[in-house]
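Below you'll find the structure, written out as structure tokens, and then a few comments.
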Amino acid sequence: MLDKNFVRENLDFVRERLGTRGGDYSLDELVALDAEWRQVLLRSEELRRQRNEASEQIGKLKKEGQDTSAQQSRVKAISNEIKSLEETLRRLEEKLNTLLHSIPNLPHESVPVGLDESANAEVRRWGSPPYFSFHPMDHVDLGVSLGILDIDRAAKIAGARFALLCGTGARLERALIHFMLDVHTHEHGYREVLPPFMANSASLFGTGNLPKFAQDLFRVEGTDYYLIPTAEVPLTNLYNGEILDGATLPQKFAAYTPCFRSEAGSYGKDTRGLIRQHQFNKVELVKFADPATSYDELESLTRDAEAVLQRVGLHYRVVALCTGDMGFSSAKTYDIEVWLPSQNRFREISSCSNFEAFQARRANIRFRNATGKKQFVHTLNGSGLAVGRTWLAILENYQQGDGTVLIPEALRPYMDGLERIAPEGS
RNA sequence: GGAGGAAUGGCCGAGUGGUUGAAGGCGGCGGUCUUGAAAACCGUUAGGGGGGCAACUCUCUCGUAGGUUCGAAUCCUACUUCCUCCGCCA
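Quick note on my numbering: the first sequence kicks off at 3 and runs consecutively.
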């Protein structure tokens with residue numbers, strides 16, 4: 003959510019920045035509504051002042067035993083007028099908020115301008131694609147032939163876009179979670195958190211998922227609970243409504259959670275394999291930062307996520323998303339994309355963003371700065387990493403000509419020293 | 001699931017219809033005293049919104065949302081959360 007006073011006072015700038023995302027956001031209507039709202043507010047507060055004065059008078063007169071019925075009926079009339087103005091205010095606020103809540107964040111000045119992913123800018127690359135002297139399989143064929151992935155039974159249990167990992171496959175997933183958390187907590191200074199896997203609507207509003215993107219979420223029927231689409235939701239809302247001590251910033255949290263997404267609107271996309279699932283595991287990194295250093299924090303957050311890929315030896319690149327390709331709440335986003343031999347291209351495995359004060363304003367997360375003033379924090383988050391996509395990238399990149407898969411050395415301590423995944427019985 | 005109890009400022013805690021945005025204490029901050037510190041003493045210390053260049057000023061907020069009243073922290077209703085007991089349960 004943008005600051006409506008900022009929008010009013012910097013209308014041309016806001017219009018220009020939002021324009022780079024492509025889209026029309028009714029800024030003139032917003033400003034007009036705001037002007038009307040402030041006018042009505044002023045009038046209703048003036049009436050309240052009159053009412054407060056008169057009521058106090060009545061109290062005094064009554065103590066002296068005087069008759070106050072004339073004054074009482076006058077105040078009654080004022081109260082009625084206040085009530086009707088309040089109704090108007092409520093209506094205006096609702097319209098105002100509907101508009102305000104649907105406007106995305108302003109892209110940072112360093113973000114490449116463009117309307118779709120073709121304008122994204124590659125920032126750097128690490129490693130190189132593996133060389134195969136044979137025709138490499140994709141992770142589905144590999145997983146099924148090794149007996150560690152069962153898509154058919156997952157479909158029987160739940161449906162499409164679910165997976166069942168078995169034996170060493172399940173073990174590898176668990177090892178990855180464990181490994182990633184260890185890297186971030188031991189080496190990068192994040193505090194581990196195990197949050198609820200459901201969150202209420204206020205939390206989803208705070209991160210910007212609601213009200214605009216309800217169709218992407220699974221809601222628990224008859225309740226205010228939603229299955230979290232990412233640990234960003236519970237982690238960012240950790241400090242919902244709080245005022246932090248500025249000296250404690252930045253604060254860094256890491257959490258493993260499953261993530262649940264309806265994937266409405268992605269029918270036909272990535273239907274094969276584990277790339278796009280209704281449920282997947284992710285280790286998420288979240289930071290609460292001082293605005294003065296939040297862009298440095300974005301750089302280090304991205305490096306923290308990259309470190310995991312480097313440790314397991316997977317080829318990747320970092321891409322700065324362009325204005326039109328960024329998410330609703332983000333001011334700047336780096337995607338980390340891992341190399342997938344079966345697709346002969348890079349695929350997203352992490353997304354690292356600085357939301358500046360956009361989420362903090364929605365979730366009311368502030369800090370007291372060095373001068374004692376309250377300020378909104380900047381929130382950041384990034385996947386560190388998507389576990390399912392790491393799992394499948396390892397299978398594809400480490401497959402051998404004999405159909406087995408080598409386990410990257412960094413993971414072996416988490417797999418009882420196992421060096422290679424060989425076919426196992428169901 | 002059943003029966004009770006509770007929710008007030010950073011914390012504890014008073015307050016059952018009229019200068020109570022809120023006593024008192026603790027904590028924090030500033031000062032006096034001291035070689036320094038402690039103690040003592042004095043002062044100060046909630047958040048949101050509007051208007052104003054500013055000084056400043058108005059308004060809202062005592063879990064949340066409504067209601068009664070000239071006037072609500074205080075009375076009524078619903079909801080939320082927490083605590084105690086009973087039942088059930090990993």
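For glycine and all other residues, C-beta sits at the position ideal for the given N, C-alpha and C.
Counterpart residues of residue i in DSSP-defined beta bridges
i           : result
residue 380 : 291
residue 286 : 257, 385
residue 401 : 407
residue 202 : 227
residue 281 : 262
residue 423 : 407
residue 212 : Its beta-bridge partners do not exist; DSSP assigns none.
residue 221 : 228
First through last residue of the alpha helix (DSSP H) which encompasses residue i
i           : result
residue 361 : 360 to 365
residue 111 : Where residue 111 is concerned, there is no enclosing alpha helix (DSSP H), given that its DSSP letter is neither H nor E.
residue 177 : 170 to 184
residue 245 : That residue, residue 245, is in no alpha helix (DSSP H); its beta strand (DSSP E) goes 245 to 247.
residue 88  : 71 to 103
residue 234 : 234 to 238
residue 38  : 29 to 65
residue 163 : No alpha helix (DSSP H) holds residue 163; DSSP gives it neither H nor E.
residue 141 : 141 to 148
residue 297 : 296 to 313
residue 154 : 153 to 159
Pairwise C-alpha distance: residue j and residue i
i           : j           : result
residue 279 : residue 236 : 20 angstroms
residue 292 : residue 426 : 51 angstroms
residue 65  : residue 59  : 10 angstroms
residue 47  : residue 61  : 21 angstroms
residue 253 : residue 203 : 24 angstroms
residue 86  : residue 79  : 11 angstroms
residue 132 : residue 335 : 28 angstroms
residue 106 : residue 420 : 47 angstroms
residue 230 : residue 180 : 21 angstroms
residue 283 : residue 178 : 10 angstroms
residue 377 : residue 43  : 25 angstroms
residue 185 : residue 410 : 15 angstroms
residue 248 : residue 216 : 34 angstroms
residue 225 : residue 200 : 11 angstroms
residue 126 : residue 275 : 28 angstroms
residue 136 : residue 341 : 18 angstroms
residue 286 : residue 7   : 33 angstroms
residue 139 : residue 417 : 23 angstroms
residue 234 : residue 72  : 59 angstroms
residue 157 : residue 281 : 13 angstroms
residue 116 : residue 22  : 7 angstroms
Limits of the beta strand (DSSP E) - the one that residue i falls within
i           : result
residue 336 : 334 to 342
residue 350 : 347 to 356
residue 16  : From DSSP, residue 16 is part of no beta strand (DSSP E) but of the alpha helix (DSSP H) over 13 to 21.
residue 320 : 318 to 322
residue 123 : 123 to 128
residue 193 : 193 to 195
residue 370 : 368 to 370
CB contact flag (residue i, residue j, <8 angstroms)
i           : j           : result
residue 314 : residue 339 : no
residue 258 : residue 183 : yes
residue 366 : residue 333 : no
residue 307 : residue 384 : yes
residue 393 : residue 175 : yes
residue 261 : residue 238 : no
residue 141 : residue 397 : yes
residue 348 : residue 319 : yes
residue 206 : residue 228 : yes
residue 246 : residue 369 : yes
residue 300 : residue 382 : yes
residue 361 : residue 210 : yes
residue 311 : residue 399 : no
residue 122 : residue 109 : no
residue 151 : residue 165 : yes
Cβ-heavy atom distance, residue i to the ligand SAM, below 7 angstroms
i           : result
residue 154 : In terms of ligand content, the structure shown is empty, and the ligand SAM therefore cannot be addressed.
**Study point:** Three or more C-beta pairs below 8 angstroms linking the segment 323 to 330 and the segment 400 to 417
**Key:** no
Review point. Is there contact between the segment 383 to 391 and the segment 143 to 153, where contact requires at least three CB pairs shorter than 8 angstroms?
Key: no
Exercise for review: Taking 8 angstroms as the threshold, find out whether the segment 211 to 228 comes into contact with the segment 184 to 193 through three or more Cβ pairs.
Suggested key: no
Point to revise | Any 3 or more C-beta pairs closer than 8 angstroms across the segment 23 to 39 and the segment 92 to 103 | key: yes
**Study point:** Stretch-stretch touch, CB-based, cutoff 8 angstroms, three pairs: the segment 70 to 84 with the segment 285 to 305
**Key:** no
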